[in-house]
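Chemist: Going line by line, the protein sequences match chains E and W.
Residue 702 is where the first sequence starts when you use the numbering used here, and the numbers rise one by one after that.
Residue 67 is where the second sequence starts when you use the numbering used here, and the numbers rise one by one after that.
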Amino acid sequence: GAGVSQSPSNKVTEKGKDVELRCDPISGHTALYWYRQSLGQGLEFLIYFQGNSAPDKSGLPSDRFSAERTGGSVSTLTIQRTQQEDSAVYLCASSLARGANEKLFFGSGTQLSVL
Amino acid sequence: KNQVEQSPQSLIILEGKNCTLQCNYTVSPFSNLRWYKQDTGRGPVSLTIMTFSENTKSNGRYTATLDADTKQSSLHITASQLSDSASYICVVSSKAAGNKLTFGGGTRVLVKP
């Protein structure tokens, strides 16, 4: 596609429910990142995928968070047993590789609201 | 701890005026510094990427400066337009962390007619 696509754009859920957020990176981009952006805060790194390598999960805040990337393309971020503090914008980005000067291209994000 | 601090948190300027946003960082060892523009409800879009050896880089009406000695950067917006209303985010990459990015909290700019 022309850009990074994320769905849904908005998600409202009840505390304790599971949610799945989807990211379609730019075709040909081997690197894919998930970030979380809370109101007034800087982007918080969650997880990074590079090709077929094991993902860098060092930013996941708890074991309720997981992500997978199937076939080196589409990625899904899953949050189990959602809590109110999970409410944030979840941003996905992709780049050609994880080189030092690689430009990241971001999707528009999924606004998650946990009631 | 790697940190990126931006100032001011927000500012309001009149259309046609100039403004300068500041970014201080403690990220080490330094790889590069990026400025992103984030419109409301959208993802960040890259404006500039500057390496250690670059002091100034322009992208249209946006000019970024970098002083790697003092670990400071600025983003200057010239002849502001209403479409410049957005958050501007400073991001620093560290060589030691596998090029992991540290994001500042952003400066929210509002351009008024």
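Using N, Cα and C, we set each Cβ at its ideal position, and we do this for glycine too.
Interface residues of chain E around residue 169/W at Cβ under 7 Å?
Modeler: Within 7 Å Cβ-Cβ: 743, 744.
Chemist: Between the region 774-790 of chain E and the region 735-743 of chain E, do at least 3 Cβ pairs fall closer than 8 Å?
Modeler: Taking 8 Å as the limit for Cβ pairs, the verdict is that the region 735-743 of chain E does touch the region 774-790 of chain E.
Chemist: Using only alpha-carbon positions, find the residue among 794/E, 772/E, 766/E that is nearest to residue 781/E.
Modeler: That would be 766/E, whose Cα lies nearest to the Cα of residue 781/E.
Chemist: Taking DSSP as the reference, what is the three-state secondary structure of residue 757/E?
Modeler: Three-state DSSP puts residue 757/E in a strand.
Chemist: Closest Cβ-Cβ distance between residue 111/W and chain E: below 9 Å?
Modeler: Yes - at least one Cβ of chain E is within 9 Å of the one on residue 111/W.
Chemist: Since residue 142/W sits in a beta bridge, which residues does DSSP pair it with?
Modeler: Partner(s): 86/W, 129/W.
Chemist: Provide the residue(s) that pair with residue 711/E in DSSP beta bridges, ordered along the chain.
Modeler: Note: residue 711/E sits in a beta bridge opposite 812/E.
Chemist: Can you find a CB in chain E that lies within less than 9 Å of the CB of residue 98/W?
Modeler: Answer yes: the Cβ-Cβ gap between residue 98/W and chain E drops below 9 Å somewhere.
Chemist: Would the region 117-130 of chain W count as touching the region 69-81 of chain W if we require 3 or more Cβ pairs under 8 Å?
Modeler: Verdict: no, contact absent.
Chemist: Tell me, please, whether the CB atom of residue 792/E is closer than 9 Å to any CB atom in chain W?
Modeler: True, the Cβ-Cβ gap to chain W drops below 9 Å.
Chemist: Considering only the beta carbon of each residue, do residue 710/E and residue 812/E sit closer than 9 Å?
Modeler: Yes, these two residues count as a Cβ contact at 9 Å.
Chemist: So residue 155/W and residue 102/W are supposed to be a Cβ contact under 8 Å. How far apart are they, rounded?
Modeler: Right, the Cβ-Cβ distance comes to about 4 Å (below 8 Å), so this counts as a contact.
Chemist: Between the alpha carbons of residue 728/E and residue 146/W, how many angstroms are there, rounded?
Modeler: The alpha-carbon atoms of residue 728/E and residue 146/W are separated by roughly 34 Å.
Chemist: In chain order, what residues of the same chain have a beta carbon less than 8 Å from the beta carbon of residue 776/E, not counting five sequence neighbours either side?
Modeler: If we look at residue 776/E and ignore the five residues flanking it on each side, its Cβ neighbours are 723, 724, 726, 733, 735, 750, 768, 769, 770, 793.
Chemist: I think residue 70/W touches residue 89/W, with their Cβ atoms under 8 Å apart; what is that distance to the nearest whole Å?
Modeler: Right, the Cβ-Cβ distance comes to about 6 Å (below 8 Å), so this counts as a contact.
Chemist: Helix, strand or coil for residue 785/E? Go by DSSP, reduced to three states.
Modeler: Residue 785/E falls in the helix class under three-state DSSP.
Chemist: Please name the residue in 81/W, 153/W, 158/W, 150/W whose C-alpha comes closest to that of residue 138/W.
Modeler: Of 81/W, 153/W, 158/W, 150/W, the residue nearest in Cα terms is 158/W.
Chemist: So, for residue 95/W: in the same chain, excluding its five sequence neighbours on each side, which residues have a beta-carbon less than 6 Å away from its beta-carbon?
Modeler: Once the five neighbours on either side are set aside, the close Cβ partners of residue 95/W are 161, 162.
Chemist: Starting from the Cα of residue 744/E, find the closest Cα among 785/E, 773/E, 760/E and give me that residue.
Modeler: The shortest C-alpha separation from residue 744/E is found at 760/E.
Chemist: Quick one: what's residue 769/E bridged to in DSSP?
Modeler: BP columns for residue 769/E point to 777/E.
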